[in-house]
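From first to last, the protein sequence lines are chains H and W.
For what it's worth, the numbering used here labels the leading residue of the first sequence as 14, then goes sequentially.
For what it's worth, the numbering used here labels the leading residue of the second sequence as 14, then goes sequentially.
Yeah, the Cβ is synthetic: ideal placement off N, Cα and C, and Gly gets one too.
Predicted model only: the values in this text are computed from it and were never measured.
This report refers to the structure that appears directly beneath it.
There are 2 protein chains.
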Amino acid sequence: MSPRTEEQNQKIKDERHEQILQAGIAVFAHKGFAATKITDIAAAANMSHGLIYHYFTSKEAVYVAIIERAMQGAAVFATEALEKPGTAWERLRYLCERQLAGIREHPEYYAVIVQALTSQDIPEEAHAALQRFGSKVYMATLTLVQQGQQAGQVVAGDPVELTYAFYSLIQGIAISTVSQLRVRPQETTDNDHSIKVDTALRILKA
Amino acid sequence: MSPRTEEQNQKIKDERHEQILQAGIAVFAHKGFAATKITDIAAAANMSHGLIYHYFTSKEAVYVAIIERAMQGAAVFATEALEKPGTAWERLRYLCERQLAGIREHPEYYAVIVQALTSQDIPEEAHAALQRFGSKVYMATLTLVQQGQQAGQVVAGDPVELTYAFYSLIQGIAISTVSQLRVRPQETTDNDHSIKVDTALRILKA
DNA sequence: GTCTATACGTAGATAGAC
DNA sequence: GTCTATCTACGTATAGAC
């Protein structure tokens, strides 16, 4: 029985930390912040509820960490799209593709975000992260829309309204996807009616 | 001191019942089902929490009544649009107008619905109402989209995907409106960037 | 019809054993 | 590092007074 080294301990710590976050995402996505119990997360992560308090100071802290990660991921798409080479339309298309793929592949992340957006009762820090990263995505989209209008690729009109509409559509698709997940969790044989990039972009296309 | 008549008592009952529902809508819209305490509703309705149990059997019962009313209201628009005279496009336009107006004028109703859609933790009956009325709206929209396609007014393509996209857009607009309400509750001087009917309909227009 | 006081359950968080 | 036992607080729902 050799004692664990410092590195091994650190590795265990990191693993547990990650386990809690993963379990938290799954549970918060389904139930929302208030309805989620620490014991739910503990059960999903296969550990005692006491152990969670060894890694996080509170339920709030777990939630904030998750919201921050989720929003950071969403903001990355926006930054990438802005910095990419190509026409404004190509970059808008790229952004839309990444967002739709994100919703398809990681609906839980979008679920927690949408939940958080509609709830007054979340921790202040979570709200701050939501605003901070959210405005980043919004501003990036607005810039691309304006550039697209100058290039004649995006329809004319109030760019704020158009950006807002596009942004709303993405959020709405996230909701629909999540609430469908709930009704038919693993339906794979059904025809694929998921929204295509070109359909979503119709709202902006000149 | 004349004793109250049966009618007067009934009137008081109805008033209280309605007070609780109104207070419930306001509170549930902000906090969601789980985070809302009975005492919150009681405070908003200016009555003791005990009295709520005189009119409703439980917190769940209050919630279900609210969800049912909200969804019923949404379904009415869809039914009206279906039965209206005029071309498919005119009726789609009518539906869209009513939905956007509903979001603008009664965001709390849409807030509770969107909250409910994204949460696993709501009462079974509320879930059932959500499904029942929701599919009514969805089916009505699908019918109009198909008729519009036959008339060449709605763009060609998978009608299910298009309906789903339009439906998602409306839900997304509801979320955006609600989460903005939260950030700047009574901002009236700002320019109006709310989404116009024609912008929303771009997603369907041929 | 309405309120206040209370019972009961349970969730968040801590302490101490291993 | 991890678990179990426990404390404390609070929310739902009821009972009984007015």
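Query: Partners in chain H for Y180(W), counting only beta-carbon separations shorter than 9 Å; Result: G185 and S189
Query: CA-to-CA distance, L105(W) to P98(W), given in whole angstroms; Result: 11 Å
Query: Beta carbon of V191(H) nearer than 8 Å to that of A142(H); Result: no
Query: Best match in H67(H), K26(H), M84(H) and E19(H) for proximity to I38(H) [C-alpha to C-alpha]; Result: M84(H)
Query: Interface flag, H119(W) vs chain H, CB-CB below 8 Å; Result: no
Query: Buried versus exposed call for T9(W) [16 or more other C-beta atoms within 10 Å across all chains shown]; Result: Residue 9(W) lies beyond the residue range present for chain W, which begins at 14 and ends at 219; the question has no answer from this structure.
Query: CB contact check: G45(H) to chain W, cutoff 8 Å; Result: yes
Query: C-beta contact flag for F146(H) and A88(H) at 8 Å; Result: yes
Query: Three-way DSSP call (helix, strand, coil) for V127(W) in this model; Result: helix
Query: Buried versus exposed call for T49(W) [16 or more other C-beta atoms within 10 Å across all chains shown]; Result: buried
Query: Cross-chain neighbours of L175(H) in chain W, by beta carbon under 8 Å; Result: T212
Query: Chain H contacts made by the region 70-90 of chain W, where a contact means CB separation under 8 Å; Result: none
Query: Element boundaries [alpha helix (DSSP H), containing I65(H)]; Result: H62 to Y68
Query: Coarse secondary structure for V191(W), derived from DSSP in three states; Result: helix
Query: Distance, I126(W) Cα to V40(W) Cα; Result: 13 Å
Query: Identity of the residues DSSP links to K218(W) by a beta bridge; Result: V167(W)
Query: Partners in chain W for L130(H), counting only beta-carbon separations shorter than 7 Å; Result: I188 and S192
Query: Residue-level contact to chain W via CB, V158(H), 8 Å cutoff; Result: no
Query: Same chain, Cβ closer than 6 Å to T52(H), neighbours up to 5 away in sequence not counted; Result: H62
Query: Closest Cα partner of N204(H) within the set F179(W), K209(W), E174(W) and K44(W); Result: E174(W)
Query: Residues near A219(H) by beta carbon distance below 7 Å, same chain, minus five either side; Result: G165, Q166, V167 and V168
Query: Contact residues within the region 132-149 of chain W, judged by C-beta distance below 8 Å to chain H; Result: S132, Q133, D134 and Q144
Query: Length of the line joining the Cα atoms of I216(H) and Q159(W); Result: 19 Å
Query: Integer Cβ distance of F46(W) from S132(W), believed to fall under 8 Å; Result: 7 Å
Query: Nearest-angstrom Cα separation, counted from E103(W) out to A94(W); Result: 9 Å
Query: T18(H) versus E31(H): straight-line alpha-carbon distance, rounded; Result: 20 Å
Query: Three-state secondary structure (DSSP) of D134(W); Result: coil
Query: Any alpha helix (DSSP H) of 4 or more consecutive residues that is wholly inside the region 86-118 of chain W; Result: 101-118
Query: For S181(H) and I33(W), believed in contact at Cβ under 8 Å, the rounded distance; Result: Actually they are not in contact, since the Cβ atoms of I33(W) and S181(H) sit about 32 Å apart, beyond 8 Å.
Query: Burial state of I186(W), where buried means 16 or more other Cβ atoms lie within 10 Å; Result: buried
Query: Contact list for A36(W) against chain H, beta-carbon separation under 8 Å; Result: Under the 8 Å cutoff, chain H gives no residues; its nearest Cβ is about 15 Å from A36(W).
Query: Reference Q35(H), options R82(H), Q21(H) and L157(H), closest by Cα; Result: R82(H)
Query: Cβ-based burial, K24(H) [other Cβ within 10 Å; buried from 16]; Result: exposed
Query: Contacts of V127(W) in chain H (Cβ-Cβ under 7 Å); Result: T131 and I188
Query: Complete alpha helix (DSSP H) runs within the region 32-58 of chain W (minimum length 4 residues, chain order); Result: 51-57
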